[in-house]
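> Residue numbers (my numbering): 4 to 217.
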Amino acid sequence: KTFSKANEILKHVSHFMRNNLLHINMSKCCYIHFQPSSTIDETCARTRPYSIKNDESRAIFINGQEIIKVSSTKFLGIIIDEKLNWAAHIDHLIKKLRSATGAVCRIRNSIPSEHYRTIYSSLFESHLGYGITVWGVALQEKATDSVFVTQKHCIRILFGNLESYLNKHATCARARPYGFQKLGSEFYKKEHTKPIFNKLKILTVQNLFKYQCI
Numbered sequence: 004k005t006f007s008k009a010n011e012i013l014k015h016v017s018h019f020m021r022n023n024l025l026h027i028n029m030s031k032c033c034y035i036h037f038q039p040s041s042t043i044d045e046t047c048a049r050t051r052p053y054s055i056k057n058d059e060s061r062a063i064f065i066n067g068q069e070i071i072k073v074s075s076t077k078f079l080g081i082i083i084d085e086k087l088n089w090a091a092h093i094d095h096l097i098k099k100l101r102s103a104t105g106a107v108c109r110i111r112n113s114i115p116s117e118h119y120r121t122i123y124s125s126l127f128e129s130h131l132g133y134g135i136t137v138w139g140v141a142l143q144e145k146a147t148d149s150v151f152v153t154q155k156h157c158i159r160i161l162f163g164n165l166e167s168y169l170n171k172h173a174t175c176a177r178a179r180p181y182g183f184q185k186l187g188s189e190f191y192k193k194e195h196t197k198p199i200f201n202k203l204k205i206l207t208v209q210n211l212f213k214y215q216c217i
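1. Using the beta-carbon count (16 or more within 10 Å), is R159 buried or exposed?
2. According to DSSP, simplified to helix, strand and coil, what is D94?
3. Hey, out of H36, W138, P39 and K145, whose CA is closest to G80's CA?
4. At the level of alpha carbons, what is the spacing between E136 and N210?
5. Give the single residue among V150, L142 and K204 whose Cα lies nearest to the Cα of F162.
6. Which word fits A146, buried or exposed, when buried means at least 16 other C-beta atoms lie within 10 angstroms of its C-beta?
7. Closest to L87 by CA distance: which of R120, K98, N23 and V140 is it?
8. Determine the direct distance from the alpha carbon of A90 to that of N164, and round the result to whole angstroms.
9. For the candidate residues F37, K213, L24 and H15, whose alpha-carbon lies nearest to that of L142?
10. By the three-class DSSP mapping on this structure, what secondary structure does F64 have?
11. Rounded to whole angstroms, what is the Cα-Cα separation between P115 and G105?
12. Count the other C-beta atoms from every protein chain shown that fall within 10 angstroms of the C-beta of K127, then say buried if there are 16 or more, exposed otherwise.
13. Reducing DSSP to helix, strand and coil, say where E128 ends up.
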């Protein structure tokens, strides 16, 4: 019934487009069937219902052309998935943030320190805050959240002790003084980012989500 109703509506849409000399780009058309995560996985052919070609009760068509069903798609820069858990968008965002962190690390020594805050806002936080009121509901209120971990990585590189952070595991034991060859647990501890956030008045990703929603 849902597919039949959708096809009926799209017939009216197609009729309106033709009457107004407008064109639908079928290569960019797709649809998502939103469903809870507890439903049966449709990747198995035996779990999918039998369907006949051009059967309007099991597919959606425009002008006789079937619209492709997808599990996720990008809309206005935000990836929407069929489960609405925003996992696909967060994975894409983390890759983008890591790329921005790499760019920050490469240009850090060529820029005066007073411009670091501007660099962070333009290259990193601009991606982090885009559409956060939509996908931010998937953030976890803990330090191990994947997006928060990526943010702390950028903060340590740009505002922290970069030499100590990057060279921790590059130290040769033979180059250290006698009696200091064995490194204790303190050596492997990462620099705390909370003082940096407080000093520079930078919002964590969780607080940025709350601020944008207020």
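Where is the CB? At the ideal position from N, CA and C, for every residue including glycine.
Every value quoted in this text rests on a predicted model; they were computed, and no experiment measured them.
For this structure:
1. Residue 159 sits at position 156 when you count from the first residue of the sequence shown. Buried, by the Cβ-count rule.
2. Taking the first residue of the sequence shown as position 1, residue 94 is located at position 91. Three-state result, D94: helix.
3. Here residue 80 corresponds to residue number 77 of the sequence shown, with the count starting at 1. Minimum Cα distance to G80 is reached at W138.
4. Locating residue 136 in the sequence shown gives position 133, counting from the first residue. Locating residue 210 in the sequence shown gives position 207, counting from the first residue. Correcting the residue identity first, residue 136 is Thr in this sequence and not Glu. Roughly 11 Å separates the two Cα atoms.
5. Residue mapping note: residue 162 aligns to position 159 of the sequence shown, counting from 1. Closest by alpha carbon: K204.
6. Here residue 146 refers to the residue found at position 143 when the sequence shown is read from its first residue. Flag for A146 reads exposed.
7. Position 84 of the sequence shown, counted from the start, is the residue given in the question as residue 87. Of R120, K98, N23 and V140, the residue nearest in Cα terms is V140.
8. Numbered from its first residue, the sequence shown carries residue 164 at position 161. Numbered from its first residue, the sequence shown carries residue 90 at position 87. So the alpha carbons of these two residues sit roughly 32 Å apart.
9. Position 139 of the sequence shown, counted from the start, is the residue given in the question as residue 142. Of the candidates F37, K213, L24 and H15, the one whose C-alpha sits nearest the C-alpha of L142 is K213.
10. Your numbering for residue 64 matches position 61 in the sequence shown. F64: strand per DSSP, three-state reduction.
11. What you label residue 115 is simply residue 112 of the sequence shown in a count that begins at 1. What you label residue 105 is simply residue 102 of the sequence shown in a count that begins at 1. Between P115 and G105, the C-alpha separation is close to 18 Å.
12. Locating residue 127 in the sequence shown gives position 124, where the first residue counts as 1. The amino acid at residue 127 is misidentified as Lys; the sequence shows Phe. F127 comes out buried.
13. The sequence position of residue 128 within the sequence shown is 125, counting from 1. It is helical.
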